[in-house]
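Chains as they are written, first to last, in our numbering: chain A, -14 to 495; chain S, -14 to 495. Don't be surprised by glycine CBs; every beta carbon is placed ideally from N, CA and C.
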């Protein structure tokens, strides 16, 4: 290998230099040989880095985010956080990995999707799969019995990435949960209000907030004659109704899950129902259904929930939907899911964005971590932020709107050479005043290039310094959008910038 | 095992229920048996979760952050981000893991601290060790030749955690870098200005910004007679001067690194120097030193840097320090480090917080990822945010100040029973107006408990509804800090809340 030859040469040259120095040889001579040595070392570095070449990519199912994408993401996350804060939520953080045992037995079949860390000695660790299990671990570990918290962070699933459907192996979750022993449906109704506010603030109307109840689902299946040990697997078939027509789901129930046609038909009559309070009342008069205690409990709960939704102003978007089942085993009460309605603006095409938020009540998860099985009742919602990003990125692309990736207010430019010092002095003055300012990192940049930069980045104001301006103690102040320039005295500059920024802001051109 | 017995019982009971249903038995009878089945299943879940008990902890070297800690962290991060944005930075994000090859050969000895993911089929992955290498990978992969970006995210090192010294295995890095071919020292001086602004805004004065230059270090070592192949190892000995006295470092140089006493003494004369522009001028007159071209190049660079620092208003905190060496191999030009000066306020004790920020120029890293070795010159700074958190948490604890963990402005309380609906209606009204509002999730909470909650969470205003208030169409508005109450008509409520919040804000009691 070339690098081995080089290493040998370097060793020899190093020895040679050392000998010269030991012999207190002439300095110039030593310096010459040191330079050769450094040159050889540089070659070695180069050859080694060439040897390191490989396909540059991010891991499968993951991606980088560019400044443009980050600008959208930050703006969306800030809006979502503002709603969580509006409802008094605190935030916590947990490590990105957990002891593997913490995750074991919480996700059923999906456990195979958990990323494990290599055993490098010490503890056996896995990357978190969601934020709910770490939250439950946090509550149990710290003996916290009530908290209202949000958590926005990345989670990891070794899923088969479907980029078109917005499914990744690394993605954000954005959770809000209320833990504590409270009265029925009060925190539950607030979770729904939060989803309602978030989708409204993100201008994702129209949407539907589907609600159902685990006890009602169980009671309904019982009434239809489904054996109790098939409840969960039939639920997961029902859960497919948002993507598949009833006929297909029915076929699965009969052929794969072993129901009789009669039983499947009875389920079909129920799960195709959705509506509001009238539907609850109608079902409370269903003489078959109300033989099931759990069905009645579920219906009474939904009735109360809808009452609270009316008081909180969300009822217009809420749909009581008997087909809503949701996959996760740990739900014990209300479940809900938000779906966007209608077409994407892009080319009038229908895009199936599916569910953009979902959640429910899980009263027994914390107990799984407590040594005395002490439970902390919880209800929460997870915002499907990656799908929302995809929808909003699409909308933005369709609208041809630009999104700013930095927040610079003033660009300090120079019109002639050798003014970098003057530029820096002015930048300093403006930074000290709190403005967001940048200038070129070239010593003598062309004015045109500087002004083009302002237009490219939508920087509203440019301050231009030239020699004549310096003599007169003025600057040129340029409004970038209109390309108009005025002369402003240095003593008025701060005031004038403030005034124009305010104007530009109120014209919506910040 | 108990759970096996239960599973058998469940199977039998399930079969029994199915038989009853197949026989179209009396509904009540079936329901009774289904209930028994569900009870058995619940027992099984309990017994299984008991079997899952283990020590509840976070992985070694990691921790959860409570709402109190998160409130401090968010506030610090927001301040740091505001400075980055003030200088026109955009932000990007990269995955938490990279192909292992990306990290290979970048961290020297420290490579052993990299966390690897288990090979579960597919790519071989490692958790990121810092944000600089992923940044360089991002630039090379996307052929980006100039960008000014910040990135705040977690990195991972399988280090031996020293909690007292604030070293963890999962911690935040907070990086700002300027990539692009620009003129000497202009972006470098801005990085120093950014550190200056950040430490000022975080009220961490007094601090010193040490600067040095890799070329000067090399030239200085050359002048002293250090063999070129020992430059890096002698540098890493010099780097210890911030923690160890010169005598110890000298001993290491002689006994471990094989320098003669004479050579070590000559190094000692240089590395104990620090100062400002006079020192640069003095060294430029050092007839030995200036025989080294690289020493002269380094000195000229520092001279220009100090000139720019004066223009940018940071010179008072900058110290040209020949003992600053910094560990990382990839630096090629200016290096710098910020150290806090003085005692911690806590008990008057000295706390060694060491370096709270550091960085430098690395012009060859991006080229290591480019197939044609095309370089993108970079200079950047990393804010040691975990150490800063530790210092600020200590200060806060010492000051006995409370930090709010939520931002609620108005708590809606009820004075009698059965008013939960009225509470919800008012909450809705206030949320619709944009206020941050919460209420109790109990149906009939005690008034005292509600008011205690307000005091505990420093919520400034409480609106109290009682039956008599409802009849008169008024509410009681309570200022929590002063415990004063006034009656306000419902139609004036919004205006009155706005007015009082503004007052409380200007009194600094938000």
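Restricting attention to beta strand (DSSP E) runs no shorter than 3 residues, the stretch 100 to 165 of chain S encloses them at 110 to 112, 132 to 141 and 155 to 164, ordered along the chain.
Only residues of its own chain outside the window of five on either side were considered, and among them 222, 244 and 249 have a CB closer than 6 Å to the CB of residue 238/A, listed in chain order. The three-state reading of DSSP puts residue 415/A in helix, counting H, G and I together.
Chain S has a Cβ within less than 7 Å of the Cβ of residue 298/A. Beta-bridge annotation (DSSP): residue 198/S is paired with 319/S. Under DSSP, residue 400/S forms no beta bridge with any residue. Annotation: Cβ neighbours of residue 72/S in chain A (cutoff 7 Å, chain order): 423.
Inter-segment contact for the stretch 176 to 189 of chain A and the stretch 306 to 316 of chain A is absent: fewer than three beta-carbon pairs are separated by less than 8 Å. Secondary structure note for residue 447/S: its beta strand (DSSP E) is the uninterrupted segment 446 to 450. The alpha-carbon separation between residue 400/S and residue 415/A amounts to approximately 53 Å. Interface flag for residue 77/S against chain A is set, since a Cβ pair is found closer than 7 Å. Nearest CB-CB separation between residue 130/A and chain S: not below the 7 Å threshold. Inclusion of residue 159/A and residue 137/A in the CB contact set at 7 Å is warranted, their separation being smaller than that value.
With fewer than 16 other beta carbons inside 10 angstroms of its own, residue 7/S counts as exposed.
Under the DSSP assignment, residue 346/A falls in the beta strand (DSSP E) whose first and last residues are 340 to 346. Straight across, the Cα-Cα distance linking residue 18/A with residue 219/S is about 20 Å. The beta strand (DSSP E) runs lying completely inside the stretch 207 to 270 of chain A and spanning 3 residues or more number zero. Taking a contact to require three or more Cβ pairs closer than 8 Å, the stretch 370 to 390 of chain A and the stretch 419 to 432 of chain A do not qualify as touching. Here DSSP, grouped into helix, strand and coil, assigns residue 314/A to coil. Proximity of residue 167/A to chain S, defined by a Cβ-Cβ separation below 7 Å, is satisfied. Across the set 319/A, 297/A, 315/A and 302/A, the C-alpha of 319/A shows the shortest separation from the C-alpha of residue 279/A. In the DSSP annotation of this structure, residue 274/S is not part of any alpha helix (DSSP H), being labelled neither H nor E. Apart from the 5 residues on each side of it in sequence, residue 451/A sits with its Cβ closer than 8 Å to the Cβ of 399, 400, 401, 404 and 461 in its chain, given in chain order. Against residue 82/A, the close residues of chain S are 44, in the order they occur along the chain (beta-carbon pairs closer than 7 Å). Between the C-alpha atoms of residue 393/A and residue 216/A there is a straight-line separation of about 58 Å. Nearest to residue 180/S by C-alpha distance, out of 83/S, 103/S and 365/S, is 365/S. Taking the Cα of residue 57/A as reference, the smallest distance to any Cα among 103/A, 135/A, 356/A and 371/A is reached at 371/A.
The closest CA to that of residue 387/A, considering only 107/A, 54/A and 45/A, is found on 54/A. 7 Å or more divides the Cβ of residue 14/A from the Cβ of residue 212/S.
At a cut-off of 7 Å between beta carbons, residue 188/A makes no contact with chain S. Within 10 angstroms of the beta-carbon of residue 487/A lie fewer than 16 other beta-carbons, which makes it exposed. Proximity of chain A to residue 212/S at the Cβ level (cut-off 8 Å) is accounted for by -1, 2, 3 and 6, in chain order. Per DSSP, reduced to three states, the secondary structure at residue 440/A is helical. Listed along the chain, the chain A residues whose CB falls inside 8 Å of the CB of residue 105/S are 100, 101 and 143. Residue pairing for residue 461/A: DSSP places it in a beta bridge opposite 449/A and 472/A.
Flagged as an interface residue toward chain S: residue 413/A, by a C-beta distance shorter than 7 Å.
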